[in-house]
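Read the structure below first, then the notes.
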Amino acid sequence: MDAAMERDWRLKENDRILTGLWLDLGSRMEKDATWQRILWLTSDYLQPVAQDDERRTILYRDPADGRYWELLFPRPELPEGGPPTLRVLDEEAAREGYQLRE
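Counting from 378, one number per residue, gives the positions in the sequence shown under our numbering.
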């Protein structure tokens with residue numbers, strides 16, 4: 378990924394929730410650009426902090442601004458858990474939901 382695309386895919390101040398979608402191309406299903414962005418963010422940019430195996434969620438931290446982001450798969454019955462959702466959590470919700478120490 379080139380530097381300009383990487384800048385475009387980083388989280389913006391006004392980002393609050395990203396939800397991926399399947400694109401039906403007739404002969405196949407494909408992940409949309411938001412899903413691809415979530416994959417890049419969670420594998421190459423965001424810092425993993427904690428996970429909840431029971432809920433199948435992962436908490437990340439944005440190294441640029443310190444915000445917490447939760448990755449979840451609202452449709453676990455679908456292949457790959459279905460399209461992912463990445464949503465911002467305030468610090469209190471992150472600490473409570475993932476038993477983080479201060």
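For every residue, glycine included, the Cβ atom is placed at its ideal position computed from N, Cα and C. It should be emphasised that the depicted structure is a prediction, and the values quoted were computed from it without experimental measurement.
Can you have a look at L455 and say buried or exposed, based on whether 16 or more other CB atoms are within 10 angstroms of its CB? Counting from one through the sequence shown, the residue named residue 455 turns up at place 78. It counts as exposed.
Does the contact criterion of 3 or more C-beta pairs under 8 Å hold for the segment 393-408 versus the segment 457-477? A contact between stretches requires three or more CB pairs, one per stretch, nearer than 8 Å, and the segment 393-408 meets this requirement with the segment 457-477.
Quick one: what does DSSP say P425 is sitting in, helix, strand or coil? The count along the sequence shown starts at 1 and reaches residue 425 at position 48. DSSP places P425 in strand when its eight states are reduced to three.
What residue range is occupied by the uninterrupted beta strand (DSSP E) comprising T462? Within the sequence shown, the letter at position 85 stands for residue 462. Going by DSSP, T462 is part of the beta strand (DSSP E) stretching over T462 to L466.
Tell whether a beta-carbon distance below 8 Å holds between G403 and I415. Locating residue 403 in the sequence shown gives position 26, counting from the first residue. Locating residue 415 in the sequence shown gives position 38, counting from the first residue. With contacts defined by Cβ atoms closer than 8 Å, G403 and I415 do not form a contacting pair.
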